[in-house]
Amino acid sequence: MKTRIALYGALRDADPSGHVDLDVPAGCDIAGLRQLLIRHLRQHAPGIGAGLVERSAFASAEEILHDARSVPEGVELAVLPPVSGG
Amino acid sequence: MKTRIALYGALRDADPSGHVDLDVPAGCDIAGLRQLLIRHLRQHAPGIGAGLVERSAFASAEEILHDARSVPEGVELAVLPPVSGG
Amino acid sequence: MDGLHVAVVDIRETKLDIAAALDFVYDPRFGGIASFIGRVREHNLGRIVTGITYDLFEPLALNTFRAIGEKARDEVGEPLKLYIAHAKGDLGIGDPAVIVAAGTPHRDEAFRACRLAIEAVKHEAPIWKQEHYIDGDSAWSEGCSLCEEQRESELQRQGETGHGHAH
Amino acid sequence: MDGLHVAVVDIRETKLDIAAALDFVYDPRFGGIASFIGRVREHNLGRIVTGITYDLFEPLALNTFRAIGEKARDEVGEPLKLYIAHAKGDLGIGDPAVIVAAGTPHRDEAFRACRLAIEAVKHEAPIWKQEHYIDGDSAWSEGCSLCEEQRESELQRQGETGHGHAH
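Residue numbers (our numbering), protein chains in the order written: chain A, 18 to 103; chain B, 18 to 103; chain C, 3 to 169; chain D, 3 to 169.
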């Protein structure tokens, strides 16, 4: 399935559209999605270090999705680099 | 010497003028002044308990005067019951 | 000290003003501003309060506020701006009785300076609160002794019973 | 929860408003109101800052603010009113970036709720700060990972070196 991932903070530099679309195999978990995103960025945004994605969280609009969670179907996700509000 | 002592808080009830004037012997310290005030109030304001004066501090406009300090000459003092600001 | 504003505000003349406090502690170097407002509550110790009268020994109160400013600066270091103002006179429910604001580069120092200052205002400044109750009765609040010997024994009692000051 | 106001404020439309925050947490039962304002500083890590752009993942930021409200209520108990607002967009020096205000019957609970909330906003909410420098350069701030596995190892490293978060 296609999963859209919205980009925030320093990861916005990865794509001017503000998101990337990934092909995600059925049953993929968030840890797997992370590897897919690292591979995608290595190819399309080589300026973004893999370390940043390693330190980033994935989330829906409602909650953070930790590594063991399955990638939900038909839901736009967001990738959240380390936060620095306030 | 005559020493005027301004009254604050619950001790205002001791005299509607807002102060008492005490005859203070030369060389008297604050501990002695406290006893003079207790004696004065026992006579003139029996509604004021001695315990309240025991828990009160004496002060000039600049600072608290602890028990061992001499009563300064020609300075109006204040007697400060336990505080409850804020 | 520079960067310190202290005031006793006669509320017949003007009100305590949080906006003025925040303006005073503003500084382009400061990322953190912590403030505290103490207001008159409608209840205390189970009784319905209709208002409070604050009595102050003004010159010593102002001196005490200045000393609190020095203590806060010693505690959190430079740069610091601190504003301390206390109301005097008859206050109604919800009226601000005291305002403290502290500005510093980072938030931890601002919180610490603000907390230190309000605790000291409550426990060290010559200020007395008379509560007025709905039944027409009035009472001066139990307070915190400024008398050295008494303070020591009160602190000791608190340590023994594990109770802090409720006020 | 009742008594909680959370907002992300697009500063092209309006500014953060401390007066609104204090009004919101007003309650005749409350004697203590603690508040915090985070402002844009002109320096950071030795560089001269000319402005900051805040990026937020809004729906999750608001959800996080609500969760912080619940946590504060669990921590300090009832009654509590809490206001959390964070700016979004381009801010200049001195502009407020975040406002937290907490009202409770007594001051200790107000300070604790306010502090807990600002710490959580800084460490848990999906918000990113891009600093703009006088030389024309810009940089996204080093931040705090929201990724469970990373947080654990970061906390462990902090414990080992004795360094806390500077941000």
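Don't be surprised by glycine CBs; every beta carbon is placed ideally from N, CA and C.
Since this is a predicted model, take the numbers as computed values, not measurements.
Partners in chain D for residue i, counting only beta-carbon separations shorter than 8 Å
{"i": "A:A31", "result": "In chain order: nothing, as chain D lies at least about 12 Å away."}
{"i": "C:F32", "result": "R41 and R43"}
Three-state secondary structure assigned by DSSP to residue i
{"i": "C:F26", "result": "helix"}
{"i": "C:C2", "result": "Outside the displayed range of chain C (3 to 169) lies residue 2 of chain C, so it cannot be described from this structure."}
{"i": "A:V41", "result": "coil"}
{"i": "D:D110", "result": "helix"}
{"i": "C:K124", "result": "helix"}
{"i": "C:E15", "result": "coil"}
{"i": "A:D30", "result": "helix"}
{"i": "D:G166", "result": "Only weak support is given to the placement of D:G166: the predicted model assigns it a pLDDT of 47, under 50, and the value that follows is read from those uncertain coordinates. DSSP places D:G166 in coil when its eight states are reduced to three."}
{"i": "A:G49", "result": "helix"}
{"i": "C:I20", "result": "helix"}
{"i": "D:K154", "result": "Here residue 154 of chain D is Glu; the residue named in the question, Lys, does not match the sequence. D:E154: helix per DSSP, three-state reduction."}
Contact list for residue i against chain B, beta-carbon separation under 7 Å
{"i": "C:H88", "result": "G102"}
{"i": "C:L170", "result": "It is not possible to answer for residue 170 of chain C, since the shown part of chain C is limited to 3 through 169."}
Amino acids of chain C, ordered along the chain, whose beta-carbon sits closer than 7 Å to that of residue i
{"i": "D:S37", "result": "S37"}
{"i": "B:L125", "result": "Residue coverage of chain B in this structure runs from 18 to 103, which leaves residue 125 of chain B outside it and unanswerable."}
{"i": "D:I2", "result": "Any property of residue 2 of chain D remains undetermined from this structure, which presents chain D solely from 3 to 169."}
{"i": "B:H83", "result": "E150"}
{"i": "D:I95", "result": "P30"}
{"i": "D:P81", "result": "Chain C residues near D:P81: none, gap ~11 Å exceeds 7 Å."}
{"i": "D:I184", "result": "Past the boundaries of the shown model lies residue 184 of chain D; chain D is included only from 3 to 169, so the question cannot be answered."}
Partners in chain C for residue i, counting only beta-carbon separations shorter than 8 Å
{"i": "D:L24", "result": "I20 and I39"}
{"i": "D:R117", "result": "F113"}
{"i": "B:R72", "result": "S147, C149 and Q152"}
9 Å Cβ cut-off: residues of chain D touching residue i
{"i": "A:S34", "result": "What A:S34 touches in chain D: nothing, since even the nearest Cβ is about 15 Å away."}
When the options are compared against residue i, the one with the closest alpha-carbon
{"i": "C:F26", "options": "C:H45, C:I101, C:D92 and C:T16", "result": "C:I101"}
{"i": "D:Y85", "options": "D:D92, D:G96, D:T106 and D:G91", "result": "D:T106"}
{"i": "B:H83", "options": "C:V42, C:Y135, C:C149 and C:T55", "result": "C:C149"}
{"i": "B:A78", "options": "B:V37, B:P89 and B:R72", "result": "B:P89"}
{"i": "D:A9", "options": "D:R114, D:A104, D:Q152 and D:K90", "result": "D:K90"}
{"i": "D:T52", "options": "D:V78, D:I95 and D:V11", "result": "D:I95"}
{"i": "B:L28", "options": "B:L53, B:V92 and B:S73", "result": "B:S73"}
{"i": "D:D92", "options": "D:E15, D:L6, D:R49 and D:A119", "result": "D:E15"}
{"i": "D:N46", "options": "D:F38, D:L6, D:H7 and D:S140", "result": "D:S140"}
{"i": "C:V42", "options": "C:A103, C:H88 and C:R153", "result": "C:H88"}
{"i": "C:I50", "options": "C:G138, C:R153, C:Q152 and C:A36", "result": "C:G138"}
{"i": "C:K17", "options": "C:D4, C:A36, C:D97 and C:I70", "result": "C:D97"}
{"i": "D:I136", "options": "D:D4, D:E121, D:A69 and D:I54", "result": "D:I54"}
{"i": "A:G103", "options": "C:K83, C:H108 and C:G48", "result": "C:H108"}
{"i": "A:S101", "options": "D:A103, D:E133, D:M3 and D:I13", "result": "D:E133"}
{"i": "B:L99", "options": "C:R153, C:I35, C:D4 and C:R117", "result": "It should be pointed out that residue 99 of chain B corresponds to Pro in this sequence rather than to Leu. Out of C:R153, C:I35, C:D4 and C:R117, C:R153 has the C-alpha closest to the C-alpha of B:P99."}
{"i": "D:A23", "options": "D:S37, D:S155 and D:M3", "result": "D:S37"}
Cross-chain neighbours of residue i in chain B, by beta carbon under 8 Å
{"i": "C:N65", "result": "A78, E79 and E80"}
{"i": "C:G145", "result": "G26, P98, P99, V100 and S101"}
Amino acids of chain D, ordered along the chain, whose beta-carbon sits closer than 7 Å to that of residue i
{"i": "C:I136", "result": "By Cβ distance, chain D contributes nothing, its closest Cβ being about 13 Å from C:I136, past 7 Å."}
Closer than 7 Å at the beta carbon, the chain A residues around residue i
{"i": "D:K124", "result": "G102 and G103"}
{"i": "D:A74", "result": "Ordered by position in chain A, no residue passes the 7 Å Cβ test against D:A74, which lies about 16 Å from the chain."}
{"i": "D:A103", "result": "Those do not exist, as D:A103 stays about 15 Å from chain A at its closest Cβ, beyond 7 Å."}
CB contact below 9 Å: residue i versus chain E
{"i": "D:A99", "result": "Among the protein chains in the structure shown, which are A, B, C and D, there is no chain E."}
Under 9 Å by beta carbon: chain A residues contacting residue i
{"i": "D:L47", "result": "In chain order: nothing, as chain A lies at least about 12 Å away."}
{"i": "D:L199", "result": "Examination of residue 199 of chain D is not possible in this model, given that chain D is present from 3 through 169 alone."}
Residue i: CB within 8 Å of a non-hydrogen atom of the ligand ADP
{"i": "C:A103", "result": "This structure lacks the ligand ADP; in fact it carries no ligand of any kind."}
Completely contained alpha helix (DSSP H) runs for the region 23–96 of chain D, where each covers 4 or more residues: Counting only runs of 4 or more residues that sit fully inside the region 23–96 of chain D, the alpha helix (DSSP H) segments are 60–78, in chain order.
Segments of 4+ residues assigned as alpha helix (DSSP H) that fall wholly inside the region 52–99 of chain B: You should have 67–71.
Meets three-Cβ-pair contact criterion under 8 Å: the region 25–34 of chain D and the region 38–58 of chain A: Judged by Cβ distances under 8 Å, the region 25–34 of chain D makes no contact with the region 38–58 of chain A, as fewer than three pairs qualify.
Segment contact, 8 Å Cβ cut-off, at least three pairs: the region 62–76 of chain C with the region 60–75 of chain D: These segments do not touch.
The region 143–152 of chain D in contact with the region 52–70 of chain A per 3-pair CB rule at 8 Å: No: the two stretches stay apart, fewer than three of their Cβ pairs being nearer than 8 Å.
At least 3 beta-carbon pairs within less than 8 Å: the region 20–30 of chain B vs the region 55–65 of chain A: No, they do not touch.
Contact between the region 87–102 of chain A and the region 125–143 of chain D (3+ Cβ pairs under 8 Å): Put simply, the region 87–102 of chain A touches the region 125–143 of chain D. At least three CB pairs are less than 8 Å apart.
Sufficient close CB pairs (3 or more, under 8 Å) joining the region 107–127 of chain D to the region 68–84 of chain D: At 8 Å Cβ cutoff, the stretches touch.
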